[in-house]
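A short write-up of the structure that comes next.
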Ligand SMILES: *Cc1c(COP(=O)(O)O)cnc(C)c1O
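In my numbering, the protein residues as written are -8 to 329.
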């Protein structure tokens, strides 16, 4: 049995071994039974399509422990839908809803003692994975696949509090092509972003902001997170064929409307960065990462949004977290109680 963390709030966002994971194999045109494993290893053919041709997709979601001691899984149905959207995009079989649901619930229950307690700011990160395992040397989709889920307790993204970060706008790299795979949650997009991400980190930036690959005129994505800006009474977020539909962003749009902001999902020209009073990146890991500055070195411009997180960013962040933890009523039916 693996060691339970002794300081939940100090946990980084990193792999942490837990006792069990769940797996389901697709062979001969059909999905098999869900299996429970205590091994951290998977055995796959060295010629598997996922290893050579990137036929793989993943998901990320979280489970939280509420003040009432109940476990809440946030919007897993959306992750299931998105995983199957990715699967269709790169020719993998869709995972039936019953299998996905059972897998998520089983893996959380089986690792119950690794779910961080309420009040620590930590949560249980859930990582579903769908990979081509069939041997392929010629470029072709595999005939065998593995769907699995493992979990890891992760600490609060901002251990020292909600802090604004510096972002680098890049013009020499694209994460995803305009009509490429940017809308799918696939490893290839991440491979494409590693070098520019590392370079930005070395230069002291926390994140990279990409522009649309075709015209370099519009905001695309902020590393592995969606971008949003606040302008007047509007929540503005890019609409693009090469960004991943963030479930956090979807949720924030709903909450923004509830807070009487107008939601604008449209092309966002780079120049509009100077009109925003607040800017942020959003995703499961941090919910919202407020942005302090965006440096567009090539154009000699720096857009600034203040050292402290803005009013709307704080409101939206708190509201979404309150729903996830069960502190606020789940009126949209986002939470599955375990
Ligand atoms: C996962 C991911 C996001 C965030 O999506 P959430 O569902 O909010 O976690 C944003 N952009 C990219 C490229 C991603 O892979």
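Every residue, glycine too, gets a C-beta built ideally from N, C-alpha and C.
Item	Value
Nearer than 7 Å: is that true of the beta carbon of residue 235 relative to any heavy atom of ligand 2?	Only ligand 1 can be found as ligands here, which leaves ligand 2 out of the picture.
If you draw a straight line from the C-alpha of residue 305 to the C-alpha of residue 67, how long is it?	24 Å
Is the CB-CB distance between residue 329 and residue 96 below 8 Å?	yes
Check for me: the beta strand (DSSP E) holding residue 285 runs from which residue to which?	278 to 287
Are there any heavy atoms of ligand 1 lying less than 7 Å away from the beta-carbon of residue 215, as far as the coordinates show?	yes
For residue 346, which of 103, 201, 244, 318 has the nearest alpha-carbon?	Residue 346 is absent from the model: the chain starts at -8 and stops at 329.
Run the CB neighbour count on residue 53, radius 10 Å, all protein chains shown included, and call it buried at 16 or more, exposed below.	buried
Please classify residue 38 as buried or exposed, where buried requires at least 16 other C-beta atoms within 10 Å of its C-beta.	exposed
Between the Cα of residue 91 and those of 50, 114, 55, spot the shortest distance and give me the residue it belongs to.	50
Suppose the cutoff is 8 Å on Cβ atoms and the five residues either side in sequence are ignored; what does the same chain contact list for residue 232 look like?	169, 170, 173, 174
Do you know how far the Cα of residue 288 is from the Cα of residue 102?	46 Å
Any idea which residues DSSP pairs residue 157 with across the strands?	284
Alpha carbon to alpha carbon, how far is residue 195 from residue 270?	19 Å
Residue 75: beta carbon under 7 Å from a heavy atom of ligand 1?	no
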